[in-house]
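Asks:
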Amino acid sequence: GWKGTTHDEL
Amino acid sequence: MNIFRLLGDLSHLLAIIILLLKIWRTRSCAGVSGKSQILFALVFTTRYLDLFTNFISMYNSAMKLIYLVCSYATVFLMYFKFKATYDSNHDTFRMEFLVVPVGGLAFLVNHDFTPLEILWTFSIYLEAVAILPQLFMISKTGEAETITSHYLFALGSYRALYIVNWVFRFYTEGFFDLIAIVAGCVQTILYCDFFYLYITKVLKGKQLTLPA
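Chains as they are written, first to last, in the numbering used here: chain Y, -9 to 0; chain F, 156 to 367.
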């Protein structure tokens, strides 16, 4: 699955 | 969320709406770089792939959708509906000169070597330079319509406000994302000479002309 850190900015 | 980021997002939304309305109402995309608009659509596409997998807030999801729809609508208007008014002779910046190096850099410098994160990093780096075809086109034509200069001012202001947001977040929550910050500074610096011309000319009611 695609992990990646979550980015909360647009 | 803080006031700087909210103002930044609204400035970004304003820029996108200004351009879309300019093209739609004048039925012309004269003076607008279609290549920059393609790059912006690519930026949003690669950045918002997590739209359905990673819910942040209604605001976040709504804005992502609006940006995606508006950017593709703008590209559609420019390359299909009002294609006859597209000034391809002056919109000659080679997009591959931006996409290839940015793509390579995204592989080398990122927070996490996963597909989603590399694509997010690619979108951050690409956004920093996506306006270059537009600025290049204005330097070639030597002028810009007033409405286009308002679009550029709002677009340039958005990332400048984001820089203030990052400073604010650093001091209030200790958050900082170096990749976004460095790319955001590069992006804002590219607008500096335009900001100077906008403030010294457009705000005085003059036409935005570049010294030939």
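Think of the CB as a built atom: it goes at the ideal place given N, C-alpha and C, for glycine as much as any other residue.
(1) Pick out whichever of F:304, F:241 and F:284 has its Cα sitting closest to the Cα of residue 359 of chain F.
(2) Can you tell which of F:168, F:245, F:233 and F:194 has its C-alpha closest to the C-alpha of residue 222 of chain F?
(3) May I have a chain-ordered list of the alpha helix (DSSP H) segments no shorter than 4 residues that lie completely inside the region 278 to 308 of chain F?
(4) With 8 Å as the limit, tell me which residues of the region 209 to 227 of chain F have their beta carbon closer than that to any beta carbon of chain Y; keep them in chain order.
(5) Is residue 275 of chain F close to chain Y? Criterion is C-beta to C-beta, closer than 8 Å.
(6) Can you check whether the C-beta of residue 164 of chain F is within less than 8 Å of a C-beta belonging to chain Y?
(7) For the alpha helix (DSSP H) holding residue 262 of chain F, just list the boundary residues, first then last.
(8) Quick one: what's got a C-beta closer than 8 Å to residue 230 of chain F's C-beta in the same chain, skipping five residues either side?
(9) Just checking my contact of residue 349 of chain F with residue 290 of chain F at CB under 8 Å: how many whole Å lie between their CB atoms?
(10) So is residue 180 of chain F buried or exposed if we call it buried at 16+ other beta carbons inside 10 Å?
(11) Does residue 314 of chain F get closer than 8 Å to chain Y when you measure Cβ to Cβ?
(12) Using alpha carbons as the reference points, say which of F:259, F:185 and F:156 lies closest to residue 299 of chain F.
(13) Could you give the residue range of the alpha helix (DSSP H) that holds residue 354 of chain F?
(14) Taking 6 Å as the limit between beta carbons, can you name the residues of its chain near residue 306 of chain F, skipping five residues before and five after?
(15) Can you list, in chain order, the residues of its chain with a C-beta nearer than 7 Å to that of residue 246 of chain F? Leave out the 5 residues immediately preceding and following it.
(16) Give a yes or no on whether 8 Å exceeds the smallest Cβ distance from residue 160 of chain F to chain Y.
(17) Could you give the first and the last residue of the continuous alpha helix (DSSP H) run that contains residue 191 of chain F?
(18) Out of F:261, F:301, F:353 and F:224, point me to the one whose CA is closest to residue 283 of chain F's CA.
(19) So residue 274 of chain F and residue 257 of chain F are in contact, right, with Cβ under 8 Å, and what is the actual spacing, rounded?
Replies: Taking the structure as given:
(1) For residue 359 of chain F, the closest of F:304, F:241 and F:284 by C-alpha to C-alpha distance is F:304.
(2) If you compare the alpha carbons of F:168, F:245, F:233 and F:194 with that of residue 222 of chain F, the shortest gap goes to F:168.
(3) Runs of the alpha helix (DSSP H) inside the region 278 to 308 of chain F: 287 to 296.
(4) Those residues of the region 209 to 227 of chain F that come within reach of chain Y (Cβ to Cβ, closer than 8 Å) are 209, 211, 215, 218, 219 and 222.
(5) Yes - at least one Cβ of chain Y is within 8 Å of the one on residue 275 of chain F.
(6) Interface residue, yes.
(7) In the DSSP assignment, residue 262 of chain F falls within the unbroken alpha helix (DSSP H) covering 251 to 263.
(8) 189, 192, 193 and 196, listed in sequence order.
(9) Yes, residue 349 of chain F and residue 290 of chain F are in contact; Cβ-Cβ is about 7 Å, under 8 Å.
(10) When all chains shown are included, residue 180 of chain F counts as exposed.
(11) No, because no Cβ of chain Y sits closer than 8 Å to the Cβ of residue 314 of chain F.
(12) Of the residues F:259, F:185 and F:156, the one whose Cα lies closest to the Cα of residue 299 of chain F is F:185.
(13) For residue 354 of chain F, the enclosing alpha helix (DSSP H) begins and ends at 347 to 355.
(14) The answer, listed in chain order, is 170, 173 and 174.
(15) Taken in chain order, the residues that qualify are 188, 189, 190, 288 and 292.
(16) Contacts with chain Y at 8 Å (Cβ-Cβ) include residue 160 of chain F.
(17) Where residue 191 of chain F is concerned, the enclosing alpha helix (DSSP H) stretches over 189 to 202.
(18) When C-alpha distances from residue 283 of chain F are compared across F:261, F:301, F:353 and F:224, the shortest belongs to F:261.
(19) The pair is not a contact, with the Cβ atoms about 12 Å apart (cut-off 8 Å).
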